[in-house]
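Number of protein chains: 2
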Amino acid sequence: MATIKDVAHEAGVSVATVSRVYNESDLVRETTATRVREAALRLGYVPHSGARSLSTSRTHTLGVLLPDLYGEFFSEVIRGIDQTAQRNGFHLLISSSHDGRPGVEAALRSMRGRVDGLIVMWPEMNAETAMRNLPAGFPLVLLSAPVGPDAFDVITIANYDGACAMVRHLLQLGHRGIAIIKGVEGNFDAAERLRGYRAALAEAGESPIAALEASGDFSERSGFRATNELLQGRPVPSAIFATNDSMAIGALSALREAGRKVPDDVAVAGFDDIPMARYLDPPLSSVHVDISALGERATLRLLEAIRTKAAHVHRAETFPTTLVIRRSCGAAPSTGSGQATLPPRPPAPDAEPAMTSSSLLRGAL
Amino acid sequence: MATIKDVAHEAGVSVATVSRVYNESDLVRETTATRVREAALRLGYVPHSGARSLSTSRTHTLGVLLPDLYGEFFSEVIRGIDQTAQRNGFHLLISSSHDGRPGVEAALRSMRGRVDGLIVMWPEMNAETAMRNLPAGFPLVLLSAPVGPDAFDVITIANYDGACAMVRHLLQLGHRGIAIIKGVEGNFDAAERLRGYRAALAEAGESPIAALEASGDFSERSGFRATNELLQGRPVPSAIFATNDSMAIGALSALREAGRKVPDDVAVAGFDDIPMARYLDPPLSSVHVDISALGERATLRLLEAIRTKAAHVHRAETFPTTLVIRRSCGAAPSTGSGQATLPPRPPAPDAEPAMTSSSLLRGAL
DNA sequence: CGGCAAAATGTAAACGATTACATAGGCCCC
DNA sequence: GGGGCCTATGTAATCGTTTACATTTTGCCG
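Keeping their order, the protein sequence lines are chains A and B.
Per my numbering, the very first residue in the first sequence carries number 42; after that it's consecutive.
Per my numbering, the very first residue in the second sequence carries number 42; after that it's consecutive.
Right, here's the structure in full:
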């Protein structure tokens, strides 16, 4: 592999000159620059970005740490991050850590010197401590982490509001036995969504019923299983709020197997509004989160932190959710040829009937 | 940020000793090692992996180049790659290139010196040339690329066989007007699947009908649109073979809107068998590809290439597909309470009724 | 043509590690 | 007590760049 030295020799100049050519310094004579470029071409020279990073101490790489890479949610987050990073000339060093805190810490260490900043998504409750031993002032954005803004930049989803709004909506439709399929134990998002569910019920004077709170782990399978349990318990729910769409998909499937009509017999709602939610049968009502925009937002915040380095001030930001009502919860006409209701609407996503969670909040008070 | 020099000074030893402590060399006295570790802890020292790479010329990082990051397919590939990489102590530097060949080349250059090897997924037809100007012998595995094995390591999906098998199956069920929803123009996988479709028809003495070949781009939306077009054309198909599952989902949705029963009025089949295919309504028949295993396979091949470097011999490998028959194509009982047919089956994926494409091939001859 | 800025190029010290080689102790044994 | 040999440590070159500073070349003017 040719190095800068080889090129310098081949072109009969010094390494500094070659370097300058590649860094678009304007103090190289055009004839020299051409000579250098030709030499480089002849030798197949490509600058060694690792060495360059060492020397400039900028890597143009962002580290991304995710709890897992499973499902459309993460895929969308990454897409949002990658697009934004790429647009700004940055690459992504990705690592998913299955194995709890030691794994995260190991991943963080191994990123030292390879990234300019970090996006860490870590909805585990014990998030805070693991971050503490990063070099102070290291550019870092946390996603869905239960920490205060004093020490970190953090972006969270409006889990509580979103869940609240959805449950209120179900209540408005007259549902009383509203069940929830909970998310992973000890997960921040899951806990917040559960809190929102309970709050909305309390608000309506309903007291929580343990039998209506089924456990899940955010997978289709767990949604399927939880729904079967709910159907066999007492009281039988008239609506099921799954705390993410994957579990809602499992729920729909279980209801079909059991011969229950959605939404006539049981209403179903999800959370996240992954792209395919509108193509389900029936189209799934969900709490919309613009997932890739979330990734984008995190990336922009991180890039800013990198740019301003020390002078950067931490903020906590809540990413808003929107209620998207489709047929699965029974608000829209649930039968008929369907052409008059909510078509999958190929063109623009923003044309879809939707209420911001805040607008619904106002309506409900 | 503390460097090795600071630690050396703090511990009263030379940098070499510190380095040895971190590289588990056994020729450091235990008391010295402890002293060094304590100093490091006091200073919050973390080795600079970038610098380490430069000096060892091993980065412990794999570069991954994908055409896009959209949808469950890529998410699964990445997951397979990441898991395997991680298990072997490697990280992932990911880049998706939206912008055709110049983009790919730029991405490749910018990975020089930051990765030990590359996995490139690039189903564009003009793949070959862009790879040519990599340093000869650079560890590289291509996914879904239309190139010969002479110059590259390449893994392709059994697109042709899979499509062929699925269409044969539909023919066996008595379908005659079998439509296809094609994939992205100029895409290798898409072209092969189309070829398989045509071959199976020809084999059965059917001549291809242009009106039954609808265009698509692998998105739900395009599947939706293509299906509407097919329904308005002549002849109206009795079965629709979508060349990936996303488009099949769009097709199901369009058929529902149009009031057509699946599979009674129209049968539907997909390709890829993404995890959620079995939770659709009706559960989707599809050509199963173990996507994350594909990622794993590619990674193992790459790791081997890295290990053996020059002595490595290129191979072309075809990743097998399996026919997974669920209700959407009408082979299984299509109505009824459904509990006797194909449950979403929580436990193990391999318990599902499936035929390898090769076994079906034999059966059909 | 000499002198002098300005422009172009070269020299060499970083960046933060690893590692071949040199060297300093400690121990044993004659 | 000194030669020889481990073992533990130190010295310094190296990886491939960038860049401050030094030096040379160029162009221009008087």
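Cβ atoms here follow ideal geometry from the backbone N, Cα and C, with glycine treated the same way.
Computed from a predicted structure; not experimentally measured.
Note to self: Rounding to the nearest angstrom, what Cα-Cα distance links G154 (chain A) and T100 (chain A) in this structure?
What the structure shows: 8 Å
Item checked: T284 (chain B) versus B:A232, B:V87, B:V69, residue with shortest Cα-Cα distance -> B:A232
Margin query: Give me the chain B residues within the contact set of F282 (chain A), using Cβ-Cβ distance strictly less than 8 Å, ordered along the chain.
Written below: Within 8 Å Cβ-Cβ: nothing; F282 (chain A) doesn't reach chain B, min ~18 Å.
Note to self: Counting C-beta neighbours from all protein chains within 10 Å, is the total for E298 (chain A) 16 or more, i.e. buried, or is it exposed?
What the structure shows: It counts as buried.
Next item on the list: Answer yes or no: do L335 (chain B) and V309 (chain B) have a C-beta to C-beta separation smaller than 8 Å?
Entry: no
Notebook entry, point to check: Considering only C-alpha positions, which residue in the set A:T340, A:Y320, A:S256 is nearest to L159 (chain A)?
Noted result: A:T340
Item checked: Partner residues on chain B for D253 (chain A), Cβ-Cβ distance less than 9 Å -> A quick correction: the sequence has Leu, not Asp, at residue 253 (chain A). Simply none; closest approach about 22 Å.
Item checked: Residue from A:P278, A:H355, A:G203 whose Cα sits closest to the Cα of F312 (chain A) -> A:G203
Check: In terms of residue numbering, what span does the alpha helix (DSSP H) encompassing S90 (chain A) cover?
Finding: 90-97
Next item on the list: Report yes if the CB atom of I219 (chain B) is closer than 8 Å to the CB atom of V208 (chain B), and no otherwise.
Entry: yes
Notebook entry, point to check: Would you say G181 (chain A) faces chain B, with C-beta separation under 8 Å as the test?
Noted result: With the sequence shown as reference, residue 181 (chain A) is identified as Leu, and Gly is not the correct amino acid for it. With 8 Å as the cut-off, L181 (chain A) does not count as an interface residue toward chain B.
Notebook entry, point to check: What three-state label does DSSP hand H329 (chain A) in the structure shown?
Noted result: strand
Check: With a cut-off of 8 Å, do at least 3 Cβ pairs link the segment 104-118 of chain A to the segment 110-122 of chain B?
Finding: yes
Checklist line | Short Cβ contact (8 Å threshold) for I222 (chain B) with Y238 (chain B) | finding: no
Next item on the list: Assuming M162 (chain B) contacts L134 (chain B) (C-beta within less than 8 Å), just tell me the rounded distance between them.
Entry: M162 (chain B) to L134 (chain B), Cβ: 14 Å. No contact.
Next item on the list: Classify T363 (chain B) as buried or exposed, calling it buried when 16 or more other Cβ atoms lie within 10 Å of its own Cβ.
Entry: Answer is buried; the Cβ neighbour count reaches 16.
Item checked: The alpha helix (DSSP H) enclosing T73 (chain B), as first and last residue numbers -> 71-84
Note to self: Under 7 Å, CB to CB, which of the residues in the segment 181-210 of chain B have a partner in chain A?
What the structure shows: If you check each beta-carbon in the segment 181-210 of chain B against every beta-carbon of chain A, none falls closer than 7 Å.
Notebook entry, point to check: Considering only C-alpha positions, which residue in the set B:V277, B:V303, B:S287 is nearest to F265 (chain B)?
Noted result: B:S287
Notebook entry, point to check: Looking at the structure shown, is N269 (chain A) part of a helix, part of a strand, or coil, going by DSSP?
Noted result: Helix at N269 (chain A).
Note to self: Cutting at 6 Å between CB atoms, please list the residues of its own chain near G379 (chain B), excluding the five before and the five after it.
What the structure shows: Caution applies to G379 (chain B), whose pLDDT of 31 falls short of 50 and renders its modelled position unreliable; the model cannot decide the point.
Margin query: Using CA atoms only, rank isn't needed, just tell me which of B:K350, B:V105, B:L84, B:S327 is closest to T44 (chain B).
Written below: B:L84 is the residue among B:K350, B:V105, B:L84, B:S327 whose C-alpha sits nearest the C-alpha of T44 (chain B).
Next item on the list: Whole angstroms is fine: what's the gap from L344 (chain A)'s alpha carbon to H132 (chain A)'s?
Entry: 12 Å
Note to self: Taking the alpha-carbon of G291 (chain A) as reference, which of A:P276, A:Q273, A:N269 has the nearest alpha-carbon?
What the structure shows: The shortest C-alpha separation from G291 (chain A) is found at A:N269.
Next item on the list: Identify the contact partners of E290 (chain A) in chain B, using a Cβ-Cβ distance below 8 Å as the criterion.
Entry: In the sequence on display, residue 290 (chain A) carries Ile and not Glu. Ordered by position in chain B, the residues that pass the 8 Å Cβ test against I290 (chain A) are M317, Y320.
Check: What number of angstroms, rounded off, separates the C-alpha of T170 (chain B) from the C-alpha of Y86 (chain B)?
Finding: Roughly 45 Å between the two C-alpha positions.
Notebook entry, point to check: Can you tell which of A:N64, A:A52, A:S369, A:V56 has its C-alpha closest to the C-alpha of L214 (chain A)?
Noted result: A:S369
Note to self: Going residue by residue through the segment 235-311 of chain A, where are the continuous beta strand (DSSP E) segments of at least 3 residues, counting only ones entirely within it?
What the structure shows: 280-283
Notebook entry, point to check: Considering only C-alpha positions, which residue in the set B:N174, B:V182, B:L212 is nearest to M42 (chain A)?
Noted result: B:N174
Check: Would H329 (chain B) pass as a contact of V365 (chain B) if the rule is Cβ separation under 8 Å?
Finding: yes
Note to self: I'd like to know whether the C-beta of P164 (chain B) is nearer than 8 Å to at least one C-beta of chain A.
What the structure shows: no
Check: Taking all protein chains shown into account, do 16 or more other C-beta atoms lie within 10 angstroms of the C-beta of R275 (chain B), making it buried, or fewer, making it exposed?
Finding: exposed
Margin query: As an exercise, report each continuous alpha helix (DSSP H) stretch of at least 4 residues that is fully enclosed by the segment 110-138 of chain B, in chain order.
Written below: 113-128
Next item on the list: List the endpoints of the continuous alpha helix (DSSP H) containing I366 (chain A).
Entry: No alpha helix (DSSP H) contains I366 (chain A), which DSSP labels as neither H nor E.
Checklist line | P385 (chain B) versus G224 (chain A) - alpha carbon distance | finding: Residue confidence is low: P385 (chain B) scores 37 on pLDDT, short of 50, so the model does not pin down where it sits. Its coordinate-derived value is still stated next. When rounded, the distance between both Cα atoms is 20 Å.
Item checked: Simplified DSSP state of G189 (chain B), which is helix, strand or coil -> coil
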